[in-house]
Amino acid sequence: TYRLATNAFTFCLAAVYVSAFTSLGVQILGLIGENGILPVAKFWAGTSDAALQGVCWAGAALALAAPFTGRAAPLFYAGLWGLYFSLYRASGLFLGYQWDILLLEVGFLAVFVVGSRGVHPPRAGLWAMRWLLFRLMLLSGAVKLLSNDKMWWDLTALTLHYETQPLPTRFAWHAHQLPLWIQKTSVLLMFGIELILPFFAFGPRRIRLLSAAGILMLMSLILLTGNYTFFNFLTASLCLFLFDDAWLASWLPKRKFAQGKPAGVLRRRLSWVLAAFVAVVGGSQLLLRFVPKTRSFAALQSAAVAGYRYHMVNTYGLFAVMTTVRREIVLEGSADGRNWKAYEFKWKPGSLERVPGWVQPHQPRLDWQMWFASLASYKRNPWYFHFQRRILQGQPEVLALLANNPFPEKPPKYLRSLFYRYRFTSSGSDAWWSRKALGLYAPMTTLTEDGRIGLIMPK
Numbered sequence: 468t469y470r471l472a473t474n475a476f477t478f479c480l481a482a483v484y485v486s487a488f489t490s491l492g493v494q495i496l497g498l499i500g501e502n503g504i505l506p507v508a509k510f511w512a513g514t515s516d517a518a519l520q521g522v523c524w525a526g527a528a529l530a531l532a533a534p535f536t537g538r539a540a541p542l543f544y545a546g547l548w549g550l551y552f553s554l555y556r557a558s559g560l561f562l563g564y565q566w567d568i569l570l571l572e573v574g575f576l577a578v579f580v581v582g583s584r585g586v587h588p589p590r591a592g593l594w595a596m597r598w599l600l601f602r603l604m605l606l607s608g609a610v611k612l613l614s615n616d617k618m619w620w621d622l623t624a625l626t627l628h629y630e631t632q633p634l635p636t637r638f639a640w641h642a643h644q645l646p647l648w649i650q651k652t653s654v655l656l657m658f659g660i661e662l663i664l665p666f667f668a669f670g671p672r673r674i675r676l677l678s679a680a681g682i683l684m685l686m687s688l689i690l691l692t693g694n695y696t697f698f699n700f701l702t703a704s705l706c707l708f709l710f711d712d713a714w715l716a717s718w719l720p721k722r723k724f725a726q727g728k729p730a731g732v733l734r735r736r737l738s739w740v741l742a743a744f745v746a747v748v749g750g751s752q753l754l755l756r757f758v759p760k761t762r763s764f765a766a767l768q769s770a771a772v773a774g775y776r777y778h779m780v781n782t783y784g785l786f787a788v789m790t791t792v793r794r795e796i797v798l799e800g801s802a803d804g805r806n807w808k809a810y811e812f813k814w815k816p817g818s819l820e821r822v823p824g825w826v827q828p829h830q831p832r833l834d835w836q837m838w839f840a841s842l843a844s845y846k847r848n849p850w851y852f853h854f855q856r857r858i859l860q861g862q863p864e865v866l867a868l869l870a871n872n873p874f875p876e877k878p879p880k881y882l883r884s885l886f887y888r889y890r891f892t893s894s895g896s897d898a899w900w901s902r903k904a905l906g907l908y909a910p911m912t913t914l915t916e917d918g919r920i921g922l923i924m925p926k
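Per the numbering used here, the sequence shown runs over residues 468 to 926.
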């Protein structure tokens, strides 16, 4: 039985929801609010700032209450899923990350698993959670090899990963200094955890515990060296379903452990329907990924699409291709076109002397989007000019997303986007980063008379 693990999971998932809703709540006005970067055009609760923030705070409040609602818990967790899904749809690219769809999938499955503390969860629901953990970890390892990226195959990817990942921590700087043999060994261990240990999740207790230990160790190391919001915490919470009651009870005072009751018939039947659905859809997605010949089968395509539509069943896999160079966009403003002042972001690298921060489970979504913008031409990132327009207008909601405003009295007349290559310094340096100028990322901008963004092309 897995009642204790499910009770713990109920609190863990609620904590993740609280962090997700509050993190978005403090940023949403600058991202998709009325004066945000990309104002939302349609939302079920209304497109006003009050409506957008209201849904975020309602979600956080609902999450705080959810673990204490007993039999009504499935309804509360269904409400949480619905609120987050609606924000996911409304926020566009700002909520398009793998941990967002992972939260939606975990949240959907949780509706069929959570319940009164004294009731055992349906066994089919437990298997659905393990199936998700299996797919998440297996795909995370497989995409790296299927991409044919040389750095994954020769085990050198971590010689660059700590430096080039979106938001490294100060521990990433130290990990970057480790010798090559440790970096290669780390990649080899990672592949062992991601490609072998997921299969252990379906075995007897001893190998399940080994699977959980390996995955939890990997999540802890990722958490220390990179800011991946609530991803590591959410993945770790799935590992709870690998710990049975007998094993957990052996660590607790006996007076605190009492036998539970089985789940009701209706709940068990619904869980079997759920398990069949995620098995078929998830299995179809795996076949389409690993067996190219199956892509011609319409039935598999239809099953995969059924899961994608509402993100009830998804595919995963970060860093399939290693980013080999860290490029940063440094935004500067000027009142006269000659004297320039830089805008500092809250978390992404800017000042060379600033310590790489530790911000999880919060996700600074603008900082993250700037990392993705640096990977492609400005022509493929039209949102970036909407962002600049708000800066030139001096919109406080957008400026609140930044660490500083070098033009507190009056917005600048011009903006320019300098492009740099950033590198971690070596031991002995007073700075954390070094950088080399690469030119302009995009043309200079200014506001036209009708309030639109104007490009000043280089002569």
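Here a beta-carbon is modelled for each residue, glycine too, at the ideal position from N, C-alpha and C.
Can the beta-carbon of residue 742 be found closer than 8 Å to that of residue 709?
By 1-based counting over the sequence shown, the position of residue 742 is 275. By 1-based counting over the sequence shown, the position of residue 709 is 242. Taking 8 Å as the Cβ cut-off, residue 742 and residue 709 do not qualify as a contacting pair.
Taking 8 Å as the threshold (C-beta atoms), are residue 711 and residue 672 in contact?
Here residue 672 corresponds to residue number 205 of the sequence shown, with the count starting at 1. Here residue 711 corresponds to residue number 244 of the sequence shown, with the count starting at 1. Yes. Within cutoff.
Going by beta carbon distance, what residues of the same chain come within less than 6 Å of residue 859, once the five residues before and after it are set aside?
For the purposes of this step, residue 859 is identified with residue 392 of the sequence shown, where counting begins at 1. Closer than 6 Å at the Cβ level, and outside the excluded window around residue 859, lie 878, 914.
Going by Cα to Cα distance, which pick from 748, 490, 476 is closest to residue 602?
The residue given as residue 602 occupies position 135 in the sequence shown. Nearest C-alpha to residue 602: 748.
Under a three-way DSSP split, which group does residue 718 fall into?
By one-based count along the sequence shown, residue 718 stands at place 251. Coil, per DSSP.
By DSSP, does residue 626 sit in helix, in strand, or in coil?
Position 159 of the sequence shown, counting from 1, holds the residue named residue 626. Three-state DSSP puts residue 626 in a helix.
Close Cβ partners of residue 927 (< 6 Å) along its chain, the five nearest in sequence each way excluded
Past the edges of the chain, shown from 468 to 926, lies residue 927, and the structure says nothing about it.
For residue 728, write down the residues that DSSP places opposite it in a beta bridge.
For this step, residue 728 is matched to residue 261 along the sequence shown. Partner(s): 586.
Are residue 474 and residue 862 touching if we call contact CB-CB under 8 Å?
Taking the sequence shown and counting its residues from 1, one reaches residue 474 at position 7. Taking the sequence shown and counting its residues from 1, one reaches residue 862 at position 395. Not a contact, by the Cβ cut-off of 8 Å.
DSSP state of residue 772, grouped into three classes?
For this step, residue 772 is matched to residue 305 along the sequence shown. Reduced to three states, the DSSP call for residue 772 is helix.
Using the rule of at least 16 other Cβ atoms within 10 Å of the residue's Cβ for burial, across every protein chain shown, is residue 535 buried or exposed?
Along the sequence shown, read from residue 1 onward, the residue named residue 535 stands at position 68. Exposed is the call here.
Whether or not the segment 588-595 and the segment 636-649 are in contact is what I'm after, with contact meaning three or more pairs of Cβ atoms, one per stretch, closer than 8 Å; do they touch?
no
Could you tell me which of 788, 531, 492 sits nearest to residue 518, measuring between CA atoms?
Here residue 518 refers to the residue found at position 51 of the sequence shown. Checking every option, the nearest Cα to that of residue 518 belongs to 492.
Three-state secondary structure assigned by DSSP to residue 918
Numbered from its first residue, the sequence shown carries residue 918 at position 451. In this structure, residue 918 counts as coil in the three-state DSSP scheme.
With three or more beta-carbon pairs closer than 8 Å as the criterion, would you say the segment 864-872 touches the segment 783-792?
no
Leaving out five residues on either side along the sequence, give the residues of the same chain with a beta carbon under 6 Å from the beta carbon of residue 415.
Outside the modelled stretch of the chain, which goes from 468 to 926, sits residue 415, for which no answer is possible.
Rounded to a whole number of angstroms, what is the C-alpha to C-alpha distance between residue 495 and residue 677?
Numbered from 1 along the sequence shown, position 28 holds the residue referred to as residue 495. Numbered from 1 along the sequence shown, position 210 holds the residue referred to as residue 677. Cα-Cα distance, rounded: 40 Å.
Considering only C-alpha positions, which residue in the set 810, 851, 912 is nearest to residue 561?
In the sequence shown, residue 561 corresponds to position 94, counting from 1. Selected option, being the one with the closest Cα: 851.
Would residue 599 pass as an interface residue toward chain D - the criterion being a Cβ-Cβ separation below 8 Å?
As a matter of chain content, chain D is missing from the structure shown, which is built from one protein chain.
Would you say residue 485 and residue 531 are within 8 Å of each other, going by their C-beta atoms?
Walking along the sequence shown from the start, residue 485 turns up at place 18. Walking along the sequence shown from the start, residue 531 turns up at place 64. Against a cut-off of 8 Å, the Cβ pair of residue 531 and residue 485 comes out as a contact.
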